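This report concerns only the one structure given below.
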Amino acid sequence: MNRVIAVDGPAASGKSSTAAAVARRLGFLHVDSGALYRGATTVALDLGESASADDIITAAELRGLGFRVVGDAVVLYLDDSPLGERLRDADVTGGVSAVSALPGVRRWVNRSLRALATPDRTLVVDGRDIGTAVFPDAPLKVFLDAAPEVRARRRLIQRDPALEDLGPATVSAEADRLRRRDEADASRTADPLKPAHDAIRIDTANLTFEEQVDMILELIKDAALHLGPSAG
Ligand code: DC
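For what it's worth, the numbering used here labels the leading residue of the sequence shown as 0, then goes sequentially.
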């Protein structure tokens, strides 16, 4: 039995910030699996349009794309430097759905993620398929969700806390973008976005950020037996 807490959910469900806060509170390591897909996408963009999964993986390995544990953080490196803000650039965000739909890329990412799960660590891993495909035997699986409009509102405020125009048209345009990404993530053949049959589903629409973090901390307490001595 591994010591992994799987936090899955659609785009802008808050899973990454929630997983990070949970890990911080308990001294566990947070792994953002989407970052590795974004890293593979930056490599694919450097290669150009016709790159295959094999080309991307070969280049990724040559350039040392991968997670490193730095103190209490798990940081994504490429060419010996942390990738940082590059991962959020528009060309990466625009290209990542196509790259993450390549089965060869998914297998490579999944192997990298599993390699992080050594017996001495407890990981909080967020993504789309962590509980279904990457760590199907994780002792705790959470699926965070909320209606697209709720997620759209949160994403807009997160992007620009001073945003004044949160009118229905702005929110519904962002919600449409999220629906399209959900649709792309949920309809791909390789490991689509979906809750694991044994995941605990949390609708975050009426929860504050702290409440959703606390809810997961409670679930971890209940699952502590399976997470090993450092849990709880
Ligand atoms: O969570 P994010 O927005 O950083 O994820 C980027 C993309 O990677 C998103 O389009 C879905 C994909 N992804 C995935 O397919 N499986 C994961 N476990 C994590 C992310």
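Backbone N, C-alpha and C define an ideal beta-carbon position, used for all residues, glycine too.
Keep in mind the model is a prediction, meaning the values are calculated, not measured.
{"Item": "Distance cutoff 9 angstroms, beta carbons only. Does R187 sit that close to anything in chain C?", "Value": "Reference to chain C is not applicable here, since this structure consists of a single protein chain."}
{"Item": "Hey, I219 and I4: beta-carbon distance below 9 angstroms or not?", "Value": "yes"}
{"Item": "Given T131, which residues of its chain have a CB within under 7 angstroms of its CB, disregarding the five upstream and five downstream residues?", "Value": "D190, K193 and A195"}
{"Item": "Given a cut-off of 9 angstroms on the beta-carbon distance, is the pair D71 and A198 in contact?", "Value": "no"}
{"Item": "What are the boundary residues of the beta strand (DSSP E) that K193 is part of?", "Value": "Element bounds for K193: n/a, residue is neither H nor E."}
{"Item": "Are there any heavy atoms of the ligand DC lying less than 8 angstroms away from the beta-carbon of I4, as far as the coordinates show?", "Value": "no"}
{"Item": "Just how far apart, CA to CA, sit F27 and R120?", "Value": "7 angstroms"}
{"Item": "Can you name, in chain order, every residue of its own chain whose Cβ lies under 6 angstroms from the Cβ of R180, other than the five neighbours on each side?", "Value": "A10"}
{"Item": "Contact between the region 169-187 and the region 32-44: three or more CB pairs below 8 angstroms?", "Value": "no"}
{"Item": "Within the same chain, show all residues whose beta-carbon is closer than 6 angstroms to that of R37, passing over the 5 residues directly before and after it, in chain order.", "Value": "L86, V91 and V95"}
{"Item": "Determine the DSSP secondary structure at A230, reduced to helix, strand or coil.", "Value": "With a pLDDT of 46 at A230, under the threshold of 50, the modelled position of this residue cannot be trusted, and the question is left open."}
{"Item": "How would you call D157, buried or exposed, if buried means at least 16 neighbouring beta carbons within 10 angstroms?", "Value": "It is worth fixing the name first, because residue 157 is Gln in this sequence and not Asp. With fewer than 16 Cβ atoms within 10 Å of its Cβ, Q157 is classed as exposed."}
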